[in-house]
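Participant: Just passing along the structure, written as structure tokens.
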Amino acid sequence: MMLKVLLFLVVCCVAAVWSAPKAPYDLNLADQLFEEFVVQHNKQYEHEEERQMRFNIFKDNLNLINQRNRNSKTATFGINRFTDMRLEEVLQKHTCLNYKSVTDDSCPPADFTPGSDPVPESFDWRDKKKVTAIKDQGQCGSCWAFSATGNLEGQYAIKHNELKAFSEQQLVDCDRNDHGCSGGFMGQAFNWLQDNGGIQSESDYPYKAKDGKCKFDKSKVVATVSGCVGFNGTDENVLKKILVSTGPLAIGVNAADFITYHGGVLEDCQGGDLNHGVLLVGYGKEDDVPYWIIKNSWGTGWGEDGYVRVQMYQNGCNLTGDIVSAIVN
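If you count by mature numbering (1 follows the signal peptide of the UniProt record, and there is no 0), then the sequence shown holds residues -19 to -1, 1 to 310, one letter each, in order.
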């Protein structure tokens, strides 16, 4: 009985860390906060003019964070490694998708008929050991590769009951359907893997966060792909059934509201153009607010140890705009 009480308290404390409202940042202490930020995130500026520019952006973002914390009922926002950057900079360097210039229709629509059986009230593929650890794409527009490998890792683990980390760098260097650190699409990555023999492990072809010469070795392939399917525009109730029956899904989102996110359930997430590839891994409910669980590729220092929860039934962040899954052999 005591163990159950302790476990309950631990869960409650963790939830409180993510959802507790944050006191406003005191702009009179902006100098001190900036110095702490520079040290914590090992920021290097080329000259004093750049440092001053970054400090001014930092102060603007403190104002934005304070405003978002005042307006949000279920999420908190705070200082992170992006706080000295403009929104456009973050989206350029740390996302990857550009649906203004092209539509990703690489995967044919799935033939999915939702059954009448109810889905669990909450579900998380991490609990099933089908999701690898959080990764970090760095200053490389390779989110498409991380979203794709996340889906591949889950599909492989479900089929073979073995969780392996796959190589994003192989896709960055070798996938000519896409553009390495300059962006790409998950469905196109699946097609390239299908046509070119499969994917190596992360340990055999480690991530470098920059474009490089292709070193693909077919003798070291650990998984192959026979196709992919799309679920674009799916109703969110149906999406729950797809997620439970299919596995973690590669999805596109508008990540503009992710930049200052710290924890809790992100409500009223901005829709519109998709600019970031992520992995949908589960769903749940907190204080009667239903949410999706999304794995990001910005390291464990962002969000909830690298994850974000987005309120359900709002098509938050336009998360139903591009949903794909590979078919793994």
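Virtual Cβ for every residue (Gly too), placed ideally from N, Cα, C.
#1: Is DSSP giving S306 helix, strand or coil here?
#2: On the DSSP bridge list, what partners appear for E267?
#3: Taking the alpha-carbon positions, what's the H28 to M34 distance?
#4: Report buried or exposed for N142, applying the criterion of at least 16 other Cβ atoms within 10 angstroms of its Cβ.
#5: Alpha carbon to alpha carbon, how far is C250 from A138?
#6: Tell me where the beta strand (DSSP E) around Y288 begins and ends.
#7: From this set, N177, V112, D185, C209, which residue's C-alpha is nearest N277's C-alpha?
#8: Where do the N-terminal and C-terminal ends of the beta strand (DSSP E) with F58 fall, by residue?
#9: Counting only the same chain and skipping the five closest in sequence on each side, list residues whose C-beta sits under 6 angstroms from that of residue 327.
#10: Between the C-alpha atoms of Q150 and N47, what's the straight-line distance to the nearest angstrom?
#11: Pick out whichever of G244, A170, K191, T241 has its Cα sitting closest to the Cα of residue 319.
#12: Tell me the DSSP bridge mates of K189?
#13: Which two residues bound the contiguous alpha helix (DSSP H) that contains I38?
#14: Could you check which residue in E248, F166, G228 has the C-alpha nearest to that of D86?
#15: In angstroms, rounded to a whole number, what distance separates the CA positions of G168 and D268?
#16: Got a sec? Which residues, its chain only, sit under 6 angstroms from K196 by beta carbon, not counting five neighbours each side?
#17: Per DSSP, S182 forms a beta bridge with which residues?
#18: Spatial neighbours of L247 within its chain, please: CB distance less than 7 angstroms, with the 5 preceding and 5 following residues excluded, ordered by chain position.
#19: So what does DSSP say about W106, is it helix, strand or coil?
#20: Looking only at its chain, what residues have a beta carbon closer than 7 angstroms to the beta carbon of W106, apart from the 5 residues adjacent to it on each side?
#21: Mind checking whether S103 and F147 have CB atoms under 8 angstroms apart?
Facilitator: According to the data block:
#1: Reduced to three states, the DSSP call for S306 is strand.
#2: Note: E267 sits in a beta bridge opposite V270.
#3: The straight-line gap from Cα to Cα measures roughly 10 angstroms.
#4: Classification of N142: exposed, given that the 10 Å Cβ count is below 16.
#5: It is roughly 31 angstroms from the alpha-carbon of C250 to the alpha-carbon of A138.
#6: Counting along the chain, the beta strand (DSSP E) containing Y288 begins and ends at 288 to 292.
#7: It is V112.
#8: Residues 56 to 58.
#9: Since the first residue shown for the chain is -19 and the last is 310, residue 327 is missing from the structure and cannot be characterised.
#10: Straight-line Cα distance between these residues: approximately 37 angstroms.
#11: Beyond the ends of the chain as shown, which are -19 and 310, falls residue 319; an answer cannot be given.
#12: Residue pairing for K189: DSSP places it in no beta bridge.
#13: Its alpha helix (DSSP H) spans residues 29 to 52.
#14: Closest by alpha carbon: F166.
#15: C-alpha separation (whole angstroms): 36 angstroms.
#16: Cβ-Cβ distances below 6 angstroms link K196 to nothing in the same chain once the five nearest sequence neighbours on each side are left out.
#17: Paired residue(s): F147.
#18: Closer than 7 angstroms at Cβ, skipping near neighbours: A56, D238, V289, R290, V291, Q292, G297.
#19: It is coil, neither helix nor strand.
#20: For W106, where only same-chain residues beyond five positions count, the Cβ hits under 7 angstroms are V112, G135, G228, P229, V262, G263.
#21: No, the pair does not count as a contact, with Cβ atoms beyond the cut-off.
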